[in-house]
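K.L.:
Protein chains: 2
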Amino acid sequence: TSSREFLEAPIADLIIPSDKVAHVQLGNSAEHALLVLTKTGYSSIPVLDMDYRLQGLLSMRMITESILGLDHIEFEKLDTIKVNDIMDADVAMLNINDKFQKALDLVINHAFLCVVDDDSTFVGIMTRRVILKQLKKHIYQ
Amino acid sequence: TSSREFLEAPIADLIIPSDKVAHVQLGNSAEHALLVLTKTGYSSIPVLDMDYRLQGLLSMRMITESILGLDHIEFEKLDTIKVNDIMDADVAMLNINDKFQKALDLVINHAFLCVVDDDSTFVGIMTRRVILKQLKKHIYQ
Ligand SMILES: Nc1ncnc2c1ncn2[C@@H]1O[C@@H]2COP(=O)(O)O[C@H]3[C@@H](O)[C@H](n4cnc5c(N)ncnc54)O[C@@H]3COP(=O)(O)O[C@H]2[C@H]1O
Ligand SMILES: Nc1ncnc2c1ncn2[C@@H]1O[C@@H]2COP(=O)(O)O[C@H]3[C@@H](O)[C@H](n4cnc5c(N)ncnc54)O[C@@H]3COP(=O)(O)O[C@H]2[C@H]1O
């Protein structure tokens with residue numbers, strides 16, 4: 389494949405589908421989110437609402453940062469903080485019809501990208517790992 | 389540049405030098421490590437000893453996992469746990485003289501790679517971000 393064809397390939401086959409993506413729901417507590425992140429082992433995951441629309445990203449660090457008191461970490465506050473108040477609502481997104489080139493441009497600054505369809509429904513994620521595997525395959529051919 | 393030349397390029401210019409890399413020291417408490425990770429914003433960082441030798445990697449998740457009690461998160465234990473006991477001692481490493489191809493192969497499964505010299509001294513890290521920027525440049529030329 390030429391580089392031109394490679395960059396214009398659709399992303400659809402490379403997406404990790406939503407049912408395989410760990411996430412939290414709007415309204416969940418920071419304590420619940422901490423448990424999900426710890427058990428799944430991911431450092432950052434999407435926040436969805438009840439209609440499976442993408443609302444933000446939540447990381448371990450946003451949680452610990454929210455409870456860093458003046459002289460001690462205020463862990464007792466975790467069950468009173470909602471993910472809504474600490475998540476990053478500015479999410480790097482792709483549309484399911486976007487091409488590989490757009491994914492490549494965005495992953496320079498994001499470990500993974502959220503993918504939505506034309507109804508803004510969350511359909512999955514594109515990770516740096518998957519993109520790097522494709523780049524390696526292309527370069528070695 | 390041909391793909392062959394690109395893959396055989398030395399990694400030296402692409403390394404983030406050790407003085408720019410956030411890290412913790414062997415013997416530090418999990419509480420101290422949690423503060424470093426929260427303040428620097430990195431999800432995983434190297435653990436070094438007093439001679440700047442690489443000892444392991446430490447992530448937020450290793451910390452929270454270590455205090456997940458049966459019915460509540462045991463935050464009070466944080467100052468009694470040492471990074472030595474919870475870090476991942478199996479670190480993906482490069483030698484400063486390695487070529488880009490080896491870095492590309494390893495970052496498929498690691499967000500960053502630690503780089504050491506022939507004395508096993510930690511000299512810096514190679515990140516997926518830097519590698520992706522190089523791949524993008526190569527593909528667009
Ligand atoms: N359980 C596991 N098994 C094998 N390798 C694992 C792993 N957990 C993490 N890794 C490795 O560590 C990299 C960084 O993971 P991190 O959780 O910081 O960062 C992840 C996480 O924030 C998110 N992510 C990936 N898969 C996810 C999923 N199924 N659900 C939710 N978020 C996911 O995308 C980021 C980049 O993922 P990527 O695969 O490129 O890169 C992953 C992968 O290479
Ligand atoms: N302060 C910041 N400013 C701008 N962008 C930021 C940032 N912190 C994180 N990012 C972005 O998020 C990605 C994942 O960061 P993470 O901390 O999970 O994962 C990081 C972290 O574990 C480690 N790392 C990177 N730079 C580091 C440093 N100076 N010291 C210690 N560890 C570092 O290497 C991993 C991959 O880094 P990479 O640059 O490829 O990918 C970074 C970068 O694209």
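Top line first, the protein sequences correspond to chains A and B.
To get the working numbering, take the position in the first sequence, counting from 1, and add 388.
To get the working numbering, take the position in the second sequence, counting from 1, and add 388.
For each residue, glycine too, the CB sits at the ideal point set by N, CA and C.
No experiment lies behind these values; they were computed from the predicted model shown.
Have a look at VAL479 (chain B) and HIS498 (chain B) and give me their C-alpha separation to the nearest angstrom.
P.N.:
Your numbering for residue 479 (chain B) matches position 91 in the second sequence. Your numbering for residue 498 (chain B) matches position 110 in the second sequence. Cα-Cα distance, rounded: 9 Å.
K.L.:
Using the C-alpha atoms, what's the distance from ILE451 (chain A) back to LYS490 (chain B)?
P.N.:
Here residue 490 (chain B) refers to the residue found at position 102 when the second sequence is read from its first residue. Here residue 451 (chain A) refers to the residue found at position 63 when the first sequence is read from its first residue. Between LYS490 (chain B) and ILE451 (chain A), the C-alpha separation is close to 35 Å.
K.L.:
Quick one: list the residues of chain A neighbouring ARG516 (chain B), beta-carbon separation under 9 Å, in chain order.
P.N.:
Residue numbering aside, residue 516 (chain B) sits at position 128 when the second sequence is read from its first letter. Per Cβ cutoff of 9 Å: VAL495, ALA499, ARG516, ARG517, LEU520.
K.L.:
Run through chain B and tell me which residues come within less than 8 Å of GLY429 (chain A), C-beta to C-beta.
P.N.:
Reading the first sequence from its first residue, position 41 is the one you call residue 429 (chain A). Residues of chain B passing the Cβ test: ARG449.
K.L.:
With 8 Å as the threshold, decide whether the Cβ of LEU482 (chain B) is near any Cβ in chain A.
P.N.:
By 1-based counting over the second sequence, the position of residue 482 (chain B) is 94. By this cut-off, LEU482 (chain B) is not an interface position.
K.L.:
Helix, strand or coil: which one does DSSP assign to ASN483 (chain B)?
P.N.:
The residue you call residue 483 (chain B) lines up with position 95 of the second sequence. If DSSP states are grouped into helix, strand and coil, ASN483 (chain B) belongs with the strands.
K.L.:
For the pair the stretch 465 to 475 of chain B and the stretch 441 to 459 of chain A, tell me if three or more CB-CB distances fall below 8 Å.
P.N.:
Contact fails: fewer than three Cβ-Cβ distances are below 8 Å.
K.L.:
Name the chain B residues whose beta carbon is nearer than 9 Å to that of THR468 (chain A)?
P.N.:
Along the first sequence, read from residue 1 onward, the residue named residue 468 (chain A) stands at position 80. Neighbours of THR468 (chain A) on chain B: none; closest Cβ ~14 Å, over 9 Å.
K.L.:
Under the rule that 16 or more other beta-carbon atoms within 10 Å means buried, what is HIS411 (chain B), buried or exposed?
P.N.:
Here the question's residue 411 (chain B) lines up with position 23 in the second sequence. Its Cβ being crowded by 16 or more others within 10 Å, HIS411 (chain B) is buried.
K.L.:
Sorry if obvious, but does the Cβ on GLY429 (chain B) come closer than 7 Å to a heavy atom of ligand 2?
P.N.:
Looking up residue 429 (chain B) in the second sequence gives position 41. Flag set: Cβ of GLY429 (chain B) near ligand 2.
K.L.:
Assuming contact is defined by CB atoms lying nearer than 8 Å, are MET514 (chain A) and SER431 (chain B) in contact in what I supplied?
P.N.:
Residue numbering aside, residue 514 (chain A) sits at position 126 when the first sequence is read from its first letter. Residue numbering aside, residue 431 (chain B) sits at position 43 when the second sequence is read from its first letter. Contact flag unset, no.
K.L.:
Restricting to runs no shorter than 3 residues, where is the beta strand (DSSP E) found entirely within the stretch 399 to 437 of chain A?
P.N.:
With a minimum length of 3 residues, the continuous beta strand (DSSP E) runs that stay inside the stretch 399 to 437 of chain A are 432 to 436.
K.L.:
Do you know offhand how far ILE527 (chain A)'s Cα is from SER391 (chain B)'s?
P.N.:
Along the first sequence, one-based indexing puts residue 527 (chain A) at 139. Along the second sequence, one-based indexing puts residue 391 (chain B) at 3. Going from the Cα of ILE527 (chain A) to the Cα of SER391 (chain B) covers about 6 Å.
K.L.:
If you measure beta-carbon to beta-carbon, which residues of the stretch 432 to 460 of chain B are closer than 8 Å to chain A?
P.N.:
The residues in question are SER432, SER447, MET448, ARG449, THR452, GLU453, LEU456.
K.L.:
Within the 8 Å Cβ cut-off, does GLN414 (chain A) reach chain B?
P.N.:
On the first sequence, position 26 is the one that residue 414 (chain A) refers to. A small correction: the amino acid at residue 414 (chain A) is Leu; Gln does not occupy that position in the sequence shown. By this cut-off, LEU414 (chain A) is not an interface position.
K.L.:
Looking at LEU446 (chain B) and ILE433 (chain B), is the spacing between their C-beta atoms short of 8 Å?
P.N.:
Numbered from 1 along the second sequence, position 45 holds the residue referred to as residue 433 (chain B). Numbered from 1 along the second sequence, position 58 holds the residue referred to as residue 446 (chain B). In this structure, LEU446 (chain B) lies closer than 8 Å to ILE433 (chain B) by Cβ.
K.L.:
Pull up the distance between the alpha-carbon of HIS420 (chain B) and that of ILE403 (chain A), whole angstroms please.
P.N.:
Against the second sequence, residue 420 (chain B) aligns to sequence position 32. Against the first sequence, residue 403 (chain A) aligns to sequence position 15. Distance between the alpha carbons of HIS420 (chain B) and ILE403 (chain A) is about 37 Å.
K.L.:
Between LYS525 (chain A) and ALA477 (chain A), what straight-line distance do the alpha-carbon atoms span, to the nearest angstrom?
P.N.:
Here residue 525 (chain A) is taken as the residue at index 137 of the first sequence, counted from 1. Here residue 477 (chain A) is taken as the residue at index 89 of the first sequence, counted from 1. Going from the Cα of LYS525 (chain A) to the Cα of ALA477 (chain A) covers about 34 Å.
K.L.:
Let's test the definition: count the other Cβ atoms within 10 Å of the Cβ of THR426 (chain A) and tell me whether it reaches 16, buried, or not, exposed.
P.N.:
Position 38 of the first sequence, counted from the first residue, corresponds to residue 426 (chain A). It is buried - the Cβ of THR426 (chain A) has at least 16 other Cβ atoms within 10 Å.
K.L.:
Relative to the C-alpha of ASP506 (chain A), which candidate in A:GLN529, A:ILE484, A:LEU436, A:LEU442 has its C-alpha closest?
P.N.:
For the purposes of this step, residue 506 (chain A) is taken as the residue at position 118 of the first sequence. Comparing Cα-Cα distances from ASP506 (chain A) to each of A:GLN529, A:ILE484, A:LEU436, A:LEU442, the minimum goes to A:ILE484.
K.L.:
Going along chain B, which residues have a C-beta under 9 Å from SER390 (chain A)?
P.N.:
As a position in the first sequence, residue 390 (chain A) is number 2, starting the count at 1. None at all; the shortest Cβ gap to chain B is about 10 Å.
K.L.:
Report the start-end ranges of each beta strand (DSSP E) in the stretch 448 to 485 of chain A that is 3 residues or longer and not cut off at the edges.
P.N.:
Here the runs fully enclosed are 481 to 483.
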